[in-house]
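All remarks here apply to the structure that follows.
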């Protein structure tokens, strides 16, 4: 225990010097020296009077003060070096930079679809200059860049580039943040050992892709060597919710498992202690190189080695000093670790394993548990308890299933790590053999992924609490009190009774939500945070979904609560992350007939695919169903009618075959199959009594990328509008291109999932792997869901519900810039038993004015555009005249949504405003004469909106009169 104060003092001194400033570090160092002098006097007094206890205290305090003074002075010197760095004089200017990459590029999440994928690259500065003048200077820098060239850089690679210099975002001894203005120019090659490490990682990723299913193939390299390039975003999210995120990075657990397996092998081979220690040292060094020798990996190596010492010896008296020595050594080598959350979590978890887990395991064994489950549960609980305060302070989220999830996966994590390590070694010399080795990881990977998926799907798996230092401190006090109180049996019984009572009362109400959704619900506005996610009921268990929010988890949970198993149409109003990033959650566990977007939004995502195939392949006609009678547009029969009870069409699909494309004309390419069904049902009444539009558009609408053509028994949404696809055969696979795209590129291997394919290549102008339109096309392709385009004039019917598209026009936009995406939103009006509903996406003032000029926008229910932003004009709100206005906004949004001018305008019109940030999920029930809302948070009783029965709608201004 004597090293504990010293390690803590070194840590605190380094934090003060790095974060507060070098002056504070020098003051702390001086104060520590003064205190050390006083303790030296106390030590002399204790030795003279033979006071052993005082002597121990004086020695411990003296060591702590001297080490603290040294670390404070060292931290102050490094912080002063950073503050006085010549590069910081160039803030706001562009410079030429020569640097060496120190870590793999990490992708950055963007807020929308625009632009190329962005990367964060850590590097060590060598030189920088303006024109002919160059300055040699070291220091750590962070590079924010765009382009796949940055993702391909390996640690140790020297690069030259031009960048704009800005102040770093964190106080961690980083000199500056550089915004790269061009692609990096490589100078030379990385060191040979870095090239070997890169080769090992690549071989492991390739072998995993051949041996394992897509999700497992992306997870295995992350679990074994920390390579997350192929890790699907869904898996990452599930692991975060389940409290298993530490498995997706290199942690002390990797080293613990590998060293334990290696030492067991050396013992089996009867090797001596020195041989075993040498083998362990070599294994740690090799693994550090393969996993990248950055500070986080060095930290993991140190913590893993300490954990092995604790587990093998069973003597905490040896493990705890080793942990303290590791902390002191790591801070001396890499002072920036003092302010690293990963470092703190790792140290705390290791301390929990040393101090708490053994005694808790003994207690469980004394109460009848077997040894293996007792140790697994004790380790999981100890690691969770000691890290909860820091997790609260950092994220404000706590996983309630973390202990159970970690205990369930503990038996297979070690096996997977060992198999992966052996597979990585074998892959270096024999790729086919490595595939067979990694194939053995299929059963444990299935279990690991299954536990993570089911734990993440548990209602209330995570809870949100206030974050920050104060909240973390309160959580720490609570943890200490609870752990101390559990030492007495009466306290344990009382706590068990309280937990059981709370569970019985709150769990059914909070998570199971009996009676949800309300019977006869018409529309649900899901609480997806700062974004949109709505479900329009069309049949029991079926709904048209409009947007899916920014995260897969909330929309998935909302649709599950609504008991939606079938989505005949999923509409993505426009390509912004807060409307489409949750697509995977909406698709999960549900059948989806089609995904619809505005014209042109998805075409660029596959343009490069099509262009490459045009250059390398010859189009081959696909086989289309043979119709009994060839039909042309002029001979097309009366539009089909939807049968409400079955959701089928009253007559078969008409299919028309086109000849090959010629140079003189522009019909579809060879192999084009046109499914021609008039988009308007003449039997459907107008959406509003005053609607008087002419015949709607009958133009063909491409599907992107498409799937086998619909038959007479297909769902009606596959025939709601005209569909055109072009299919070209490329080997055993085929890629589907929309008419009008430049061409296609060869199909990718079927071994990799959609998530892997997206994450490993540069997007084509539409964002990164989670926010680009490529994500939509990849997910749709993986689920075999056709993609279609809707534009003004299209009408669709789903039983008693009718949809009419009001905007945008059928013309392809000249630009797909993210800035203009809001005004490209799909705007639709629905006729429902609860009246008319207007879906507006994020349209702003210009698009609102355009729609008012060309359409009747009156509606009973309005989904307020752009989360209630002030870009919504009072004139538009007056034109709609809603009785009920729905605002979907995040409770913690920093944009001020909804804006007071919007809510006050709606109040002046007599509309009731329902908000997800205040009320959670909002469900509309009733009829047009008796419109009501029910909220999931039940903050207020059910409310009637608009006039009582017997009142009538008056003028177009939205006012009501008798």
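In the working numbering, the protein residues as written are 76 to 1037.
Backbone N, C-alpha and C define an ideal beta-carbon position, used for all residues, glycine too.
On a predicted model such as this, the values are computed, not experimentally measured, just so you know.
Out of 92, 963, 933 and 924, state which residue places its alpha-carbon closest to the alpha-carbon of residue 943.
Distances from the CA of residue 943 to each of 92, 963, 933 and 924 were compared; the closest alpha carbon is that of 963.
Bridge partners for residue 1001 per DSSP, in chain order?
1006
Taking residue 77 as part of the beta strand (DSSP E), name the residues at either end of that continuous run.
First-last for residue 77: undefined, no H or E at that position.
Does residue 561 pass the burial test, meaning 16 or more other C-beta atoms within 10 Å, or should it be called exposed?
By the 10 Å Cβ count, residue 561 comes out exposed.
Based on Cα-Cα distance, which residue from 867, 910 and 83 lies nearest to residue 875?
910
For residue 273 and residue 255, believed in contact at Cβ under 8 Å, the rounded distance
Not really, about 21 Å apart at Cβ, beyond 8 Å.
Between residue 499 and residue 299, how many whole angstroms is the CB-CB distance? I'm expecting something under 8 Å.
Yes, residue 499 and residue 299 are in contact; Cβ-Cβ is about 6 Å, under 8 Å.
Looking only at its chain, what residues have a beta carbon closer than 7 Å to the beta carbon of residue 412, apart from the 5 residues adjacent to it on each side?
Apart from the 5 residues on each side of it in sequence, residue 412 sits with its Cβ closer than 7 Å to the Cβ of 370, 374, 405, 406 and 418 in its chain, given in chain order.
Report back the beta-carbon spacing between residue 197 and residue 183 to the nearest angstrom; my notes put them in contact at under 8 Å.
Residue 197 to residue 183, Cβ: 13 Å. No contact.
Less than 7 Å between C-beta atoms, sequence neighbours within five positions excluded: which residues of the same chain meet that for residue 77?
135
Among 982, 637, 948 and 972, which one has its Cα closest to the Cα of residue 996?
Checking every option, the nearest Cα to that of residue 996 belongs to 637.
Distance between residue 1001 and residue 859 (C-alpha atoms, nearest Å)
36 Å
Rounded separation between residue 331 and residue 460 - CA only
20 Å
Span separating the alpha-carbon of residue 324 from that of residue 623
29 Å
Please state if the CB of residue 532 and the CB of residue 333 are separated by a distance shorter than 7 Å.
no
Among the residues of its own chain, which have a CB less than 6 Å from the CB of residue 516, if the five just before and after it don't count?
491 and 494
For residue 504, is the classification buried or exposed, using 16 other Cβ atoms within 10 angstroms of its Cβ as the cut-off for buried?
Counting Cβ neighbours within 10 Å, residue 504 comes out exposed, since fewer than 16 surround it.
If residue 397 and residue 381 are in contact, beta carbons under 8 Å, what's the gap, nearest whole angstrom?
5 Å
Give a yes or no on contact between the stretch 90-97 and the stretch 146-154, applying the rule of three or more CB pairs nearer than 8 Å.
yes
Quick check: the Cα distance between residue 570 and residue 513, rounded to an integer number of angstroms?
45 Å
Residue 519 classed as buried or exposed, judged by whether at least 16 other C-beta atoms fall within 10 angstroms
buried
Given that a residue counts as buried once 16 or more other Cβ atoms are within 10 Å of its Cβ, and exposed if not, what is residue 446?
exposed
Inter-residue Cα distance where the pair is residue 956 and residue 932:
9 Å
For the 8 Å Cβ check, are there 3 or more pairs between the stretch 644-653 and the stretch 919-931?
no
Counting pairs of Cβ atoms below 8 Å between the stretch 198-214 and the stretch 165-180, do you hit three or more?
yes
Taking contact to mean at least 3 C-beta pairs separated by less than 8 Å, is the stretch 654-671 in contact with the stretch 313-321?
no
Would you mind working out which of 976, 403 and 599 sits nearest residue 620, comparing C-alpha positions?
599
DSSP three-state call for residue 269: helix, strand or coil?
helix
Is it the case that the Cβ atoms of residue 657 and residue 630 are separated by a distance below 7 Å?
yes
Classify residue 166 as buried or exposed, calling it buried when 16 or more other Cβ atoms lie within 10 Å of its own Cβ.
exposed
Ignoring anything shorter than 4 residues or poking outside the stretch 97-121, list the alpha helix (DSSP H) runs there in chain order.
none
Rank 395, 528, 258 and 611 by C-alpha distance to the C-alpha of residue 218 and give the top, closest one.
258
What does a CB cutoff of less than 7 Å around residue 467 pick up in its chain, not counting 5 residues either side in sequence?
473, 540, 542, 546, 547 and 550
Excluding sequence positions up to five away, which residues of its chain have a Cβ less than 7 Å from the Cβ of residue 1025?
Legend: pLDDT at residue 1025 = 33, less than 50; position of this residue unreliable, no value from coordinates given.
Would you kindly check if the distance between the Cβ of residue 998 and the Cβ of residue 592 is under 7 Å?
yes
Per the DSSP calculation, residue 158 is bridged to which residue(s)?
Beta-bridge pairing links residue 158 to no other residue.
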